[in-house]
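Asker: Got a structure here, written out as structure tokens. Questions coming.
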Amino acid sequence: MKSLLILLSMALLLVACSQTPKPSLYQQLGEEAGITAITDHLLHQIEHDPLIVHHFRDTDIPRFRRLLMEQLCELSGGPCVYSGATMEESHTGLNLNTRDFDRLVNHLISAMQQQGIPYGAQNQLLALLAPMYPEVIGR
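Counted the way mature numbering (1 follows the signal peptide of the UniProt record, and there is no 0) counts, the sequence shown spans residues -18 to -1, 1 to 121.
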């Protein structure tokens, strides 16, 4: 009987160890604090990039910051709900081109690297953002 209890205990221990859930993308991004840091680093880079900063000249930056954090949170599976306009609506009239888009993406990658976000999580987030490309370019 004692050996049966030991075997059952070992089996339960192995099952418990083998079922460690993979962190969600939201968790891998650092949840609210991580997304805030990524967003703030991205905004800092945009502010110092003479090739794209002019696109943000008439932007309400505090509102943009809040909406970007909501969007990243929702996309990554977090508890947030994006409350902004569609990408098409918010980019109409900006006439963004591929170079502008690529620079912003590179700044986002840099912001994620600065926060130590794993490459797999970076790629997951970029894959979720990529379908927005046609909604942003040439509007």
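Ideal Cβ positions, reconstructed from N, Cα and C, are used throughout, including at glycine.
I'd like to know if the stretch 7 to 21 and the stretch 49 to 65 are in contact, where contact means that at least 3 CB-CB pairs between them fall below 8 Å.
Answerer: The stretch 7 to 21, when compared against the stretch 49 to 65, does touch it at the 8 Å Cβ threshold.
Asker: Identify, in the order they occur along the chain, each residue of the same chain with its Cβ nearer than 7 Å to the Cβ of asparagine 105, setting aside the five sequence neighbours on each side.
Answerer: For this step, residue 105 is matched to residue 123 along the sequence shown. For asparagine 105, where only same-chain residues beyond five positions count, there are no Cβ hits under 7 Å.
Asker: Grouping DSSP H, G and I as helix and E and B as strand, with all else coil, what is leucine 78?
Answerer: The sequence position of residue 78 within the sequence shown is 96, counting from 1. Strand at leucine 78.
Asker: Just reading off the alpha helix (DSSP H) that methionine 51 is part of, what are its end residues?
Answerer: For the purposes of this step, residue 51 is taken as the residue at position 69 of the sequence shown. Run containing methionine 51: 43 to 57, per the alpha helix (DSSP H) assignment.
Asker: Between which residues of its own chain and serine 6 is the CB-CB distance below 6 Å, once the five residues before and five after are set aside?
Answerer: Here residue 6 corresponds to residue number 24 of the sequence shown, with the count starting at 1. Once the five neighbours on either side are set aside, the close Cβ partners of serine 6 are Gly59.
Asker: With distance defined between alpha-carbon atoms, name the residue in Leu33, Asp40 and Leu107 nearest to serine 72.
Answerer: Indexing the sequence shown from 1 puts residue 72 at position 90. Looking at the Cα atoms, Asp40 is the closest of the given residues.
Asker: Distance, Cα to Cα, leucine -11 vs alanine 15?
Answerer: The count along the sequence shown starts at 1 and reaches residue -11 at position 8. The count along the sequence shown starts at 1 and reaches residue 15 at position 33. Low confidence applies to leucine -11: its pLDDT is 48, below 50, so where it sits in the model is not reliable, and the reading given next is rough at best. Using only the alpha carbons, I get a separation of about 41 Å.
Asker: Going straight from the alpha carbon of asparagine 79 to that of proline 3, what length do you get?
Answerer: Taking the first residue of the sequence shown as position 1, residue 79 is located at position 97. Taking the first residue of the sequence shown as position 1, residue 3 is located at position 21. For asparagine 79 and proline 3, the distance between alpha carbons rounds to 40 Å.
Asker: Is proline 5 close to the ligand GDP? I mean its beta-carbon at under 7 Å from any heavy atom of the ligand.
Answerer: Looking at this structure, you won't find the ligand GDP or any other ligand, since it has none at all.
Asker: Closest to leucine 33 by C-alpha separation, out of Tyr115, Phe83, Asp42 and Met69, would be which residue?
Answerer: Position 51 of the sequence shown, counting from 1, holds the residue named residue 33. Looking at the Cα atoms, Phe83 is the closest of the given residues.
Asker: Beta carbon of methionine 69, beta carbon of threonine 21: below 8 Å?
Answerer: Within the sequence shown, the letter at position 87 stands for residue 69. Within the sequence shown, the letter at position 39 stands for residue 21. Going by C-beta atoms, methionine 69 is not nearer than 8 Å to threonine 21.
Asker: Are the CB atoms of glycine 66 and leucine 49 nearer to each other than 8 Å?
Answerer: For this step, residue 66 is matched to residue 84 along the sequence shown. For this step, residue 49 is matched to residue 67 along the sequence shown. Going by C-beta atoms, glycine 66 is nearer than 8 Å to leucine 49.
Asker: So, is alanine 103 buried or exposed, given that buried needs 16 or more other C-beta atoms within 10 angstroms?
Answerer: As a position in the sequence shown, residue 103 is number 121, starting the count at 1. Its Cβ being crowded by 16 or more others within 10 Å, alanine 103 is buried.
Asker: On the criterion of 16 or more Cβ atoms from any shown chain inside 10 Å, does alanine 109 qualify as buried, or is it exposed?
Answerer: For this step, residue 109 is matched to residue 127 along the sequence shown. Exposed, since its Cβ has fewer than 16 Cβ neighbours within 10 Å.
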